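Enquirer: Could you have a look at this structure, given as structure tokens, before my questions?
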Amino acid sequence: MLPRHHSGPAFTRCTILVYKEQQHRLQEYTDRLGVALYTVDSVQGREMDVAIILTTRTDVDEASGNFLNDIQQMNVALTRCKYGQFVLGYLNALHTLSNWNQLVAWAARHNTIIETANLPDIFS
């Protein structure tokens, strides 16, 4: 978790999207907030203090989720942060993808999965 009262330089943060269409839909909103928005391909080679990875897709399975489940894409997305990251996604869909299922299982073992209803609690 980031310190509540940080007096040093501002944290760099970004949102990483798996699908380019998501970028088009969110660009105006994130521009107003000053949050960098990248696709997995465009964030490669960059590093941020905090990364939010959006895997939000509910209609996915092993056959249709090849791009989302690609291990190289996952590696790029998951290694962009220096201090912390949030992976946002539909848990049931991620369980159907072999690589994401392994990450979800790891997160469950480390008690780091937060249900949507509890998200406000971690920021208060």
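The numbers in the UniProt record's numbering rise by one with no breaks, and the one at position 28 of the sequence shown is 28.
We treat Cβ as the ideally placed atom computed from N, Cα and C, and that holds for glycine.
Since this is a predicted model, take the numbers as computed values, not measurements.
Thinking C-alpha only, which one of Val35, Ala107, Arg32, Asn66 is nearest Tyr19?
Expert: Nearest C-alpha to Tyr19: Asn66.
Enquirer: Between the beta-carbon of Thr56 and the beta-carbon of Gly89, is there less than 9 Å?
Expert: Their beta carbons are under 9 Å apart, which means Thr56 touches Gly89 by this criterion.
Enquirer: In its own chain, which residues sit with a C-beta less than 8 Å from the C-beta of Asp59, not counting the 5 before and 5 after it?
Expert: Taken in chain order, the residues that qualify are Ala93.
Enquirer: I need the DSSP call for Arg25, collapsed to helix, strand or coil.
Expert: Note: Arg25 maps to helix in three-state DSSP.
Enquirer: How would you label Arg25, buried or exposed, when you count the other beta carbons within 10 angstroms and need 16 or more for buried?
Expert: Looking at its Cβ environment, which holds fewer than 16 other Cβ atoms inside 10 Å, Arg25 is exposed.
Enquirer: Which runs of the beta strand (DSSP E) at least 3 residues long sit entirely within the segment 46-107? Give them in chain order.
Expert: Runs of the beta strand (DSSP E) inside the segment 46-107: 48-54, 81-88.
Enquirer: Is it a yes or a no for the segment 74-84 touching the segment 31-47, going by three-plus beta-carbon pairs under 8 Å?
Expert: Flag = yes, the segment 74-84 and the segment 31-47 touch.
Enquirer: Using a 10 Å radius around the Cβ and a threshold of 16 neighbouring Cβ atoms, would you call Arg32 buried or exposed?
Expert: Burial call: exposed.
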